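J.:
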Amino acid sequence: MAGRRSPWRTAVLIALAGLAVVYLFPFAWMLSTSLKPTPELYTQPPTLWPVHPSLEAYRAALFGARDWVLLRNSLVVCLAAVLLTLALALLIAYPLTRLQVSASFRRGLLSWLLSLRFLPSMVVVIPIFATMRAVGLYDRLLALVLIYAAFSLPFAVWMLKGFLSEIPPEVEEAALADGAGRWRAFFQILLPMLSPGLLAASVITFALSWSEFLYALILTATPRSQTFSIAVWSFVTEFEIIWNQMAAVGVISALVPVVLLLAARRYVISALTFGAVREKA
Amino acid sequence: MAYAVSLSLQYYRLGGFAGLHNFAYAFQDRLLGESLRATLLYMVIAVGVELLLGLALAVAVQRTIRGVLGRTLTYLLFIVPMVTPPVAAGVSFRLMYIPEYGILNVLLRTLGYHGPPILWMSSPAMAMFSVISVDVWQWMPFVFLVLFAGLQAVPADVIEAAEVDGAGGWARFRAMEIPYLKPLLLLVLVFRCTDTLRVFDHVQVLTMGGPGAATEFLSLYLYKIAFKFSNLNYASALALYIVLAVSALFGVFGRYLSEEVA
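As structure tokens, then:
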């Protein structure tokens, strides 16, 4: 039995090793390019790894091209969007799981939220663009915060709902019986127990907002409100593409969500696949 | 949404009520036809390859890799591309596809290829290939993760019983694993199809819809009309068509899906 399976096992292992190369190589190449000083970019044949690695490209991109402003914008927008999303998602998920709500209302609301996930963002971007311009939020960070919060909300509600329904209501009832008010029971008992869920929702919201490109492209015009995705993209449109700086901003842009999500991977896989994958890794 | 409807009913620049002019114009729009064709091609190839590869890989890993460490490593390998911002993925592939200095052409040469350098992004067919390759690279792991999780739900005793009865690997796959995976396959199909309808970011970085209009997918075409030509009215009409199409898709599968997932 085991003998019959072993050639297959070897084959799969080889295939996986090959895939690992395919999957990690683009990152390695981007990193390597970003560390090359400019003359080395054009050597023939290209060097696999920089002979004289330097951080010149990072310095040039962040300070020379003043992209650190966009980096700061991105951080501000993402953090604000996370806070807003969590607050709103709790406001929706808590009553859904703790109060008497008719099953059909709950199901209707949840599947409506799910359906938002399928709406092509290109479709809503036009009315949003027109509305933002009309209310004077065009080229403001606040516009992006509102939009990212709105778009992460379905995810966050679904996730928090899952985490909330795993905490037995008896815990809160006990607190209420001991004389705590509903607020106190919520803040001192429930929130701490919910912290893994809150963490996972924050990480996902942050990563989604960080990666977002289309709205950032359409709703912003100046460094006052542009985000880091725009910084990455703008290197492509230059007349002469500065490859190592483009790679440098690419590395930064990829590094942030990858690190965050690897750190919180236990909860995040399940959320990314909408609950289809549970409790893994 | 209501605002989009009202925009779509007005004439471009002139304002005023236009009736269904914008909706009717879509049928004469030759560029739209090309864009639709490109989108469908992209959808069929990308989603098809992702599903087949993801399914094969899920079954293969399920049967051969049993250790916790091996499985964890596989997981980690495959969440990395999923969380990479599409813009950054576009950048990293663009770096590899540069004709003169990109690593791919150099690799091909060392493997014995001596023709003219391949223009990965400036011939229509290769541009389509390049753009699809990024999608497959980024989203095959999603298919894999979902289906792999589905395989864990196949009861072990059923499989053991079948093995005792002498069922081979293929029979096991057809008779036992596919029925369990069916809802998940459907879920993944709907996710990926609706996602390819809005593919934008990495295409914008790689080819910007070019060369010509070879990779100008629906979302890029819409973007061009709305924000390069500032014709919000016609763009809204097109957007509403897309909403209709997606809602139809979701209407068919949505009920089923929310029951499966909820």
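In order, the protein sequence lines correspond to chains A and B.
All letters in the first sequence, in the order written, are residues 5 to 285 by the numbering used here.
All letters in the second sequence, in the order written, are residues 1021 to 1282 by the numbering used here.
Using N, Cα and C, we set each Cβ at its ideal position, and we do this for glycine too.
A quick note: this is a predicted structure, and the numbers were derived from the prediction, not measured.
Can you give me the C-alpha to C-alpha distance between L141/A and A1195/B, rounded to a whole angstrom?
T.: When rounded, the distance between both Cα atoms is 57 Å.
J.: What's the gap between the Cα of L202/A and the Cα of S108/A?
T.: Cα to Cα, the separation comes out at about 26 Å.
J.: What are the complete alpha helix (DSSP H) segments, minimum 4 residues, inside the segment 1045-1104 of chain B?
T.: 1050-1084, 1088-1103
J.: Quick one: any contact between the segment 1144-1162 of chain B and the segment 1098-1118 of chain B, if contact means 3 or more CB pairs under 8 Å?
T.: The segment 1144-1162 of chain B vs the segment 1098-1118 of chain B: in contact.
J.: Under 8 Å, with one C-beta from each stretch per pair, do the segment 144-151 of chain A and the segment 224-232 of chain A reach the 3-pair mark?
T.: yes
J.: Give me, in chain order, the residues of the same chain whose beta-carbon lies closer than 6 Å to that of V139/A; leave out the 5 immediate sequence neighbours on both sides.
T.: none
J.: What does a CB cutoff of less than 7 Å around V149/A pick up in its chain, not counting 5 residues either side in sequence?
T.: V81, A84, A85, L88
J.: What separation, rounded to the nearest whole angstrom, lies between the Cα atoms of L264/A and V175/A?
T.: One C-alpha to the other measures close to 31 Å.
J.: How is P200/A classed by DSSP in three states: helix, strand or coil?
T.: helix
J.: Starting from P1175/B, find everything on chain A with Cβ-Cβ shorter than 8 Å and list it in chain order.
T.: Taking a Cβ-Cβ cut-off of 8 Å, P1175/B has no neighbours in chain A, whose nearest Cβ is about 17 Å from it.
J.: Give the residues from the segment 237-256 of chain A that approach chain B closer than 9 Å (Cβ to any Cβ), ordered along the chain.
T.: W237, F239, V240, T241, I245, W247, M250, A251, V253, G254, V255, I256
J.: Would you say the beta carbon of N248/A is closer than 7 Å to some non-hydrogen atom of the ligand COA?
T.: With respect to the ligand COA, the structure shown offers nothing to examine, as it has no ligands at all.
J.: For F182/A, count neighbouring Cβ atoms within 10 angstroms of its own Cβ and tell me buried if that reaches 16, exposed if not.
T.: Residue identity differs from the one stated: residue 182/A is Asp in this sequence, not Phe. D182/A comes out exposed.
J.: Whose CA, out of I171/A, S106/A, L45/A, lies closest to the CA of I1123/B?
T.: By alpha-carbon distance to I1123/B, the top candidate from I171/A, S106/A, L45/A is L45/A.
J.: Note down, in chain order, every chain A residue with its Cβ under 7 Å from the Cβ of F1247/B.
T.: I222
J.: Would you give the residue range spanned by the alpha helix (DSSP H) that P1144/B belongs to?
T.: 1144-1172
J.: Look at the alpha carbon of V1174/B and the alpha carbon of W162/A, and state the distance between them as a whole number of angstroms.
T.: 25 Å
J.: Assuming contact is defined by CB atoms lying nearer than 8 Å, are L1056/B and L1240/B in contact in what I supplied?
T.: It is not a contact, given that the beta carbons lie outside the stated cut-off.
J.: Could you check what DSSP says for E216/A in three-state terms: helix, strand or coil?
T.: Secondary structure at E216/A: coil, using DSSP grouped into helix, strand and coil.
J.: Exposed or buried, what is V1272/B when buried is set at 16 or more other beta-carbons lying within 10 Å of its beta-carbon?
T.: exposed
J.: Evaluate V262/A with the Cβ neighbour count: other Cβ atoms within 10 Å of its Cβ, from every protein chain shown; 16 or more gives buried, anything less gives exposed.
T.: buried
J.: Excluding the five sequence neighbours on either side, which residues of its own chain have a C-beta within less than 7 Å of the C-beta of T42/A, listed in chain order?
T.: N248
J.: Spell out whether any CB of chain B is found under 8 Å from the CB atom of V149/A.
T.: Not closer than 8 Å to any Cβ of chain B, the Cβ of V149/A fails to qualify, so no.
J.: Count the C-beta pairs between the segment 1100-1111 of chain B and the segment 1219-1230 of chain B that are closer than 8 Å, then say yes if the count reaches three, no if not.
T.: yes
J.: Taking only runs of the alpha helix (DSSP H) that begin and end inside the segment 130-179 of chain A, which ones reach a length of at least 4 residues, in chain order?
T.: Listed in chain order, the alpha helix (DSSP H) elements of length 4 or more contained wholly in the segment 130-179 of chain A are 145-170.
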